[in-house]
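Chains as they are written, first to last, in the numbering used here: chain A, 20 to 830; chain B, 191 to 500.
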Amino acid sequence: MTNLWMDIKHADVITVMGGNAAEAHPCGFKWVVEAKAHNNAKLIVVDPRFTRTASVADLYCPIRQGTDIAFLSGVAKYLLDNDKLQHRYVSAYTNAGYVVREGYDFQDGLFTGYDADKRDYDKTTWDYEIGPDGYAVVDETMQHPRCVMQLLKKHVSIYTPEMVEKICGSPKETFLKVCELMATTAAPERTMASLYALGWTHHSKGSQNIRSMCVVQTLLGNIGMLGGGMQALRGHSNIQGLTDIGLMSNLIPGYLNIPVEKEPDYASYIAKRQFKPLRPGQTSYWQNYNKFFVSFQKAMWGDKATKENDWAYDYLPKLDVPTYDVLRGFELAKQGKMTGYVIQGFNPLMSFPNRAKMTEAFSKMKFIVVMDPLKTETARFWENHGEYNDVDPTKIQTEVFELPTTLFVEEEGSLSNSSRWLQWHWQAQDAPGECRSDIEIMSEIFLRIRNAYKKDGGAFPDAIVNLKWDYAIAESPTPTELARELNGYTVAPTPDLNGTIIPAGKQVDGFAQLKDDGTTACGCWIYSGCYTEKGNTMARRDNTDPGDRGIAPNWAFAWPANRRVLYNRASCDPEGRPWSEKKKLIEWNGKQWIGFDVPDYGVTVAPDKGVGPFILNQEGVARLWTRGLMRDGPFPTHYEPFESPVANLAFPRIKGAPASRIFKDDLADLGDAKDFPYAATSYRLTEHFHGWTKHARINAILQPEAFVEISEELAKEKGIAKGSWVRVWSKRGSLKAKALVTKRIKPLICDGKPVHVVGIPQHWGFMGLTKKGWHPNSLTPVVGDANTETPEFKAWLVNIEPTTPPSDAVA
Amino acid sequence: MADYSSLDIRQRSASTETPPEIRRQVEVAKLIDVSKCIGCKACQSACEEWNDLRDDIGVNTGTYQNPHDLTPKSWTLMRFTEYENPETNNLEWLIRKDGCMHCTEPGCLKACPSPGAIVQYSNGIVDFIEENCIGCGYCVKGCPFNIPRISQTDHKAYKCTLCSDRVAVGQAPACAKACPTGSIMFGTKQAMIEQAETRVEDLKSRGFAHAGLYDPAGVGGTHVMYVLHHADQPSLYAGLPNDPKISPLVAFWKGGAKVFGLAAMGFAAVAGFFHYVTAGPNEVVPEEEEEAVEYDEAKRRETGDEARPH
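Right, here's the structure in full:
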């Protein structure tokens with residue numbers, strides 16, 4: 020989230036699109052209800068299904084899954100055509116006036132530089148024109164034919180309301196009502212909050228779905244504002260923490276990068292990341308990258324990371340491919356190239372696409388280790404469960420280690436939520452049986468591996484034997500010890516910002532004190548401030564909220580620097596006055612920035628210095644145009660899902676998303692609309708939390724059995740009765756479930772033809788207390804987003820027919 | 191045994207003694223704002239948790255509604271209705287939390303032949319005292335909302351207690367505590383009525399011209415009330431009665447016949463006792479039952495109330 024949960028109550032318009040907040044985030048959704056009840060907010064829901072969120076919406080607009088970019092580009096066009104922009108915001112705080120270098124073009128759905136064989140772009144032409152002063156050229160009038168504003172107008176020009184209706188199946192009148200309501204927030208005192216979740220990310224162009232709303236929100240001046248923002252609603256209580264702490268194959272903590280092969284030494288690595296300002300006087304905060312990186316290396320390898328050895332740069336792995344994401348991982352396993360897998364707290368047999376491929380991959384591995392508090396399907400992938408898991412155990416030789424772990428209530432520690440809050444929690448009860456914490460299990464594994472390397476040596480044992488491991492009990496580091504390490508500390512005496520020397524061995528106050536000279540260590544720079552000399556700020560529980568802003572600065576700790584609303588400098592006009600007194604977050608008092616939140620800006624930097632509010636960006640402004648930072652284009656573009664019931668109406672020659680990676684076998688495993696005419700999507704239900712709560716009795720009572728949702732029209736066409744058994748199948752697999760026939764799913768009319776949606780909730784499997792069932796991932800295709808490789812779970816093709824119950828089922 | 195030893199009891203089934211008058215509690219109410227409800231079933235979950243009940247794990251019958259009906263172990267239930275509004279052409283997903291309404295004039299209590307099996311406290315809560323229940327099912331017939339359920343295990347009647355145990359110590363009912371959107375509110379009846387007024391005003395401003403409070407006069411008002419977008423058509427909400435009334439049979443039994451009844455009661459009690467010890471719990475003869483139902487339905491048709499849920 021750019022803002023925080025409580026902030027939603029200040030919104031005037033709330034758009035839930037690419038998510039179903041009432042269903043998947045019922046507790047956080049209270050702030051939407053609050054905004055409606057006490058701020059007279061209007062709630063817009065755009066979704067293929069009339070959801071639980073839609074049931075309390077003021078305006079519901081249907082959309083075919085996978086067409087969000089067409090819809091939102093249509094909104095952007097509406098705003099531009101009707102002059103519904105926050106003008107001063109757009110001219111002062113965005114790159115609308117930046118001139119793009121010559122040579123850039125967009126033809127037939129492709130940007131310049133496309134290489135069809137590599138499915139990738141040469142992004143050279145996507146950058147700004149650089150002037151003789153070394154800075155980006157800006158036309159403040161925004162009239163230059165190559166300036167971002169003009170390029171944007173041209174880029175979205177095809178998304179007329181008629182085109183949106185054809186592509187998305189959203190009725191033109193309803194679409195225009197959505198546009199009109201969103202447009203009201205161009206007024207500086209009105210804001211719109213965009214709430215989204217996996218309904219946007221689970222697509223082959225997931226990142227660009229989000230980008231297209233960023234464009235809308237930026238044109239409306241809603242970023243950095245109270246009650247505005249882009250609100251990514253995270254799906255697990257600590258999934259924010261997962262990305263923060265860098266649990267991706269290409270990241271290290273704090274959104275720093277794992278080096279790639281082309282960066283053989285530290286100099287070549289850091290040269291690409293210490294971004295210099297693209298405009299005079301801009302902050303370009305990533306110029307401090309070296310401080311965060313060196314401090315991370317010191318936290319990892321202590322004395323062994325020295326200036327002489329490039330801060331142990333050689334100890335880090337160097338990626339030979341862009342990412343070792345899960346799709347690549349299981350492709351490698353299928354090919355017999357990845358032979359072991361440690362699974363910590365998730366259930367890949369159910370959670371990853373194409374169950375048949377997953378089973379094949381697991382069956383070829385030598386071993387898997389499953390660390391989980393529950394009996395997961397993954398741990399039993401080899402076990403025959405009749406129709407539900409029809410495998411032959413005698414043919415599977417994979418060794419499976421199940422290590423029972425503690426649940427969150429059985430341990431203390433911190434969770435990072437969508438609001439970027441690090442909240443400490445305390446142990447509530449002891450774990451049953453032989454369960455041990457993930458920390459203890461990983462520590463024991465590490466210590467054994469280290470001993471093996473110490474004893475036997477190896478090709479390159481340094482990174483492992485030199486790892487800093489000075490916890491009081493080596494086998495069981497405490498969450499407090501780890502939190503202190505994440506916060507960072509001084510390794511040697513070092514001056515703070517005022518020149519006062521901080522002695523060695525002190526917790527730092529925040530990342531501003533981190534150094535690139537080896538005098539500080541910090542496990543995750545953005546978490547710096549979570550455990551200072553004053554103590555554990557994550558454990559704070561003071562909900563005092565001055566000004567009723569929903570800020571409550573002394574409740575837990577929010578990264579970065581306890582800042583609750585990111586980019587909050589943009590809540591003021593260029594002179595430093597709040598756009599709206601009612602929505603004041605900070606203001607310039609003539610000497611410094613003061614207010615309810617920690618300013619996202621130099622505290623004493625005067626407004627007339629012309630420093631932009633987006634201090635992390637080299638430009639200092641928000642990017643309507645992203646240069647080469649996204650793999651699949653500087654503007655979002657409508658591409659159909661890899662399996663789509665209709666051709667791409669905007670760019671008929673393009674199939675799928677041109678820059679998304681797809682492996683050969685997975686490409687061959689795609690079906691087409693002739694055999695699989697219906698548009699399927701998968702999602703969660705309120706009654707369950709992923710695959711966990713099917714193990715809990717009450718949840719099992721509340722939603723006991725798998726079902727699929729279809730329209731009355733499709734049910735009639737196929738002769739399917741309410742509550743009867745149906746079979747749903749794709750090119751990759753088949754499942755059975757009960758039919759839930761509903762008015763809440765209606766055929767969408769796309770280009771004059773009806774598209775039927777088949778909705779498949781995802782909570783059932785062959786373990787647990789609920790009735791046995793199938794996960795929709797028995798059917799889903801193996802293709803991911805071009806930037807993140809997040810699988811396309813939300814849009815693919817199936818067929819459906821009435822069927823007989825599974826042999827063990829109650830009719 | 192619940193008798194008038196509690197100063198808070200205002201009414202007691204099949205009892206003629208004068209209830210104690212020295213203490214009066216303020217009337218409480220639960221207000222369920224259907225327009226804020228997202229149907230998450232946190233209330234159902236909280237109800238099972240607090241009352242330590244675990245219903246059976248069922249099957250899906252093509253609806254979000256689970257369990258499929260109120261049961262002796264499921265005292266509250268979200269009922270889901272898909273409604274296409276002919277005026278706006280909008281689809282509406284009306285989700286109503288069903289459960290005991292805690293009527294001011296409880297049909298169940300009036301119908302109950304077993305002394306002290308059903309009581310009403312002075313705060314308005316209607317409670318079943320299972321140890322006095324004889325499982326006759328008259329409460330089911332007496333209820334205009336079709337709420338009580340008789341357990342096949344112990345032959346006793348069960349329903350929502352409005353968490354009388356929590357309310358007695360100043361806590362809100364478990365469902366209200368658990369509701370994430372504030373759709374379920376709890377307080378004095380007066381405060382809930384005032385709260386409802388602001389909600390109705392908001393709904394009217396959003397185009398629901400017939401928004402209103404459901405606090406039906408036919409049962410003297412209720413201590414569970416709804417804010418409805420369509421207060422002119424309660425039956426849209428999974429058959430919420432448009433104009434609930436105590437069954438005329440029950441009204442007759444407790445009303446006009448009362449003078450006669452009182453005289454007969456002494457005899458009945460003695461006879462009943464002998465019947466109970468010799469023949470076991472009372473059972474309604476099928477013909478009587480049929481007759482009563484027919485009479486009931488005829489009366490219902492007269493009053494135009496066809497929305498009784500089944």
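Glycine is no exception: its CB is placed at the ideal position from the N, C-alpha and C atoms.
What does the alpha-carbon distance come out to for the pair residue i and residue j?
| i | j | result |
| --- | --- | --- |
| A:Asn366 | B:Phe376 | 41 Å |
| A:Arg292 | A:Ala251 | 26 Å |
| A:Asn257 | B:Gly411 | 47 Å |
| A:Ala212 | A:Gly247 | 4 Å |
| A:Arg399 | A:Gln363 | 15 Å |
| A:Gly128 | A:Lys323 | 51 Å |
| A:Ala482 | A:Pro773 | 59 Å |
| A:Val167 | A:Leu643 | 7 Å |
| B:Gln310 | A:Arg703 | 42 Å |
| A:Tyr546 | A:Arg559 | 15 Å |
| A:Ile18 | A:Val197 | Because chain A is modelled from 20 through 830, residue 18 of chain A falls outside the range shown and cannot be assessed. |
| A:Lys757 | A:Pro795 | 13 Å |
| A:Asn22 | A:Gln169 | 30 Å |
| B:Ile222 | B:Gln423 | 16 Å |
| A:Val35 | A:Asp66 | 8 Å |
Starting from residue i, trace the alpha helix (DSSP H) in both directions and tell me its first and last residue.
| i | result |
| --- | --- |
| A:His57 | 49-57 |
| A:Met20 | Looking at the DSSP string, A:Met20 is not in any alpha helix (DSSP H), and its letter there is neither H nor E. |
| A:Met461 | 457-475 |
| A:Asn867 | Absent from the model: residue 867 of chain A. The displayed extent of chain A is 20 to 830, so no value can be given. |
| B:Ala236 | 232-240 |
| A:Ser110 | 106-112 |
Could you round the C-beta distance between residue i and residue j to whole angstroms and report it? I think they count as a contact, below 8 Å.
| i | j | result |
| --- | --- | --- |
| B:Val368 | B:Ser225 | One detail in the question is off: residue 368 of chain B reads as Ala in this sequence, not Val. The Cβ separation is near 19 Å, so there is no contact. |
| A:Thr8 | A:Lys385 | Here chain A has residues from 20 to 830 only, and residue 8 of chain A is not among them. |
| A:Ser456 | A:Glu494 | At roughly 11 Å, the Cβ-Cβ gap does not stay under 8 Å, so A:Ser456 and A:Glu494 are not in contact. |
| B:His419 | B:Leu393 | 6 Å |
| A:Thr210 | A:Thr203 | Not a contact, Cβ separation roughly 10 Å. |
| A:Asp77 | A:Lys96 | A:Asp77 to A:Lys96, Cβ: 23 Å. No contact. |
| A:Leu754 | A:Trp793 | 4 Å |
| A:Pro372 | A:Pro800 | 6 Å |
Considering Cα atoms alone, identify which of the options is closest to residue i.
| i | options | result |
| --- | --- | --- |
| A:Cys233 | A:Phe654, A:Lys628, A:Phe670, A:Met390 | A:Phe654 |
| A:Pro597 | A:Pro626, A:Gly569, A:Ala571 | A:Pro626 |
| A:Arg298 | A:Thr204, A:Asp152, A:Asp489 | A:Asp152 |
| A:Thr499 | A:Gly405, A:Pro514, A:Trp443, A:Lys813 | A:Trp443 |
| A:Pro512 | A:Gln611, A:Asn667, A:Gln532 | A:Gln532 |
| A:Gly260 | A:Asp694, A:Pro579, A:His714, A:Arg646 | A:Pro579 |
| B:Asn256 | B:Gly429, B:Gly229, B:Val357, B:Asn313 | B:Gly229 |
| A:Asn667 | A:Thr86, A:Thr70, A:Val65 | A:Thr86 |
| A:His404 | A:Ala523, A:Gly787, A:Glu811, A:Val801 | A:Gly787 |
| A:Trp305 | A:Trp711, A:Gly639, A:Gly122 | A:Gly639 |
| A:Tyr274 | A:Pro800, A:Trp544, A:Pro696, A:Asn39 | A:Trp544 |
| A:Leu635 | A:Lys755, A:Phe294, A:Thr144 | A:Phe294 |
| B:Asn275 | B:Ile436, B:Ala399, B:Leu403 | B:Ala399 |
| B:Arg356 | B:Arg389, B:Ile315, B:Arg244, B:Gln380 | B:Ile315 |
Please report the residue range of the beta strand (DSSP E) in which residue i lies.
| i | result |
| --- | --- |
| B:Tyr416 | 414-418 |
| A:Met211 | 211-215 |
| A:Val389 | 386-391 |
| B:Cys350 | Note, B:Cys350: premise wrong, no beta strand (DSSP E); not H, not E. |
Chain A contacts made by the segment 283-311 of chain B, where a contact means CB separation under 7 Å: Going along the segment 283-311 of chain B in chain order, one finds Trp283, Ile285 with a Cβ nearer than 7 Å to chain A.
Scan the segment 43-56 of chain A for residues whose Cβ lies nearer than 7 Å to a Cβ of chain B and list them as they occur along the chain. For the segment 43-56 of chain A, which is checked against every Cβ of chain B, the residues closer than 7 Å are Pro45, Cys46, Phe48, Lys49, Val52, Ala56.
Using a Cβ-Cβ cut-off of less than 9 Å, give me the residues of the segment 787-806 of chain A that come near chain B, in sequence order. Within the segment 787-806 of chain A, those residues whose Cβ lies closer than 9 Å to any Cβ of chain B are, in chain order, Leu788, Thr789, Lys790.
Within 7 Å of chain B by C-beta, residues of the segment 702-733 of chain A in sequence order: Among the residues of the segment 702-733 of chain A, those with a Cβ less than 7 Å away from any Cβ of chain B are Thr705, Glu706, Arg716, Ile717, Ala719, Ile720, Leu721, Gln722, Pro723, Glu724, Phe726, in the order of the chain.
Residues, ordered as in the chain, of the segment 214-238 of chain B that lie near chain A by beta-carbon distance below 8 Å: Within the segment 214-238 of chain B, Ser225, Lys226, Cys227, Ile228, Gly229, Cys230, Lys231, Ala232, Gln234, Ser235, Glu238 place their CB atoms closer than 8 Å to a CB of chain A, listed in sequence order.
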